[in-house]
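Comments concern the structure below.
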Amino acid sequence: MALTKKIQIDGKNVVFRASAAIPRIYRLKFGRDIFKDLMELEKSMKKNDEDKSNLDIGSLELFENIAYVMAKHGDKSVPDSPEEWLDNFSTFSIYQILPQLIELWGLNIKSEEIPKKK
């Protein structure tokens, strides 16, 4: 069953959709694993603390691509390229949006970490 979530971005309600098709769509479009990318981004963000974050341009591009695929899947009127879609916003904060996308997927890397043996 697909899950959707409306997130307000730059005064606009944007529908994001998480479904079984998204990992395949993301892999075909960008050649990457969406779950690995989401977990990598979550680790880099360090609990939404912009001062301690470890994000670079590549991380921001991963985030934008993930958000784009999920938005396109949620609303077919979204333009056909991430660049064209992002051009609709004057601000697009990873710190506000990414935690909500991770929550939509039900991901939490903290529960997936395996304790080290003593």
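Under the working numbering, think of the first position of the sequence shown as 31, with each following residue one higher.
Beta carbons: idealized from backbone N, C-alpha and C, even for Gly.
Exercise. State the start and end residues of the unbroken beta strand (DSSP E) segment that holds Val99.
Key: By one-based count along the sequence shown, residue 99 stands at place 69. First-last for Val99: Ile87 to Gly104, but that is the alpha helix (DSSP H), not the beta strand (DSSP E).
Quiz item: On the three-state DSSP scale, how would you describe Phe46?
Solution: Taking the sequence shown and counting its residues from 1, one reaches residue 46 at position 16. Note: Phe46 maps to strand in three-state DSSP.
Exercise. Please name the residue or residues paired with Thr34 in a DSSP beta bridge.
Key: Reading the sequence shown from its first residue, position 4 is the one you call residue 34. In the DSSP output, where bridge partners are listed per residue, Thr34 has Arg47.
Self-check item: Residue of Ile132, Val45 and Ile37 minimising C-alpha distance to Phe93
Solution: For the purposes of this step, residue 93 is taken as the residue at position 63 of the sequence shown. If we check each option's Cα against that of Phe93, Ile132 comes out closest.
Quiz item: By a C-beta neighbour count over all protein chains shown, 10 Å radius and 16 as the cutoff for buried, is Gly136 buried or exposed?
Solution: Here residue 136 refers to the residue found at position 106 of the sequence shown. When all chains shown are included, Gly136 counts as exposed.
Exercise. Since I believe Gln130 is in contact with Lys35 (beta carbons under 8 Å), could you give me their beta-carbon distance rounded to a whole number of angstroms?
Key: Along the sequence shown, read from residue 1 onward, the residue named residue 35 stands at position 5. Along the sequence shown, read from residue 1 onward, the residue named residue 130 stands at position 100. Confirmed, Cβ separation roughly 6 Å.
Quiz prompt | Buried versus exposed call for Ala32 [16 or more other C-beta atoms within 10 Å across all chains shown] | solution = Stepping through the sequence shown from its first residue, residue 32 is reached at position 2. By the 10 Å Cβ count, Ala32 comes out exposed.
Self-check item: Beta-carbon proximity list for Arg62, same chain, < 7 Å, skipping 5 on both sides
Solution: Taking the first residue of the sequence shown as position 1, residue 62 is located at position 32. Tyr56, listed in sequence order.
Quiz item: Between which two residues does the alpha helix (DSSP H) containing Pro112 stretch?
Solution: Against the sequence shown, residue 112 aligns to sequence position 82. Element bounds for Pro112: Pro112 to Leu116.
Practice problem: Give every residue of the same chain whose Cβ lies closer than 6 Å to the Cβ of Val44, excluding the five residues on either side of it in the sequence, and list them in chain order. | Solution: Position 14 of the sequence shown, counted from the start, is the residue given in the question as residue 44. Cβ within range, chain order: Ile37 and Ala101.
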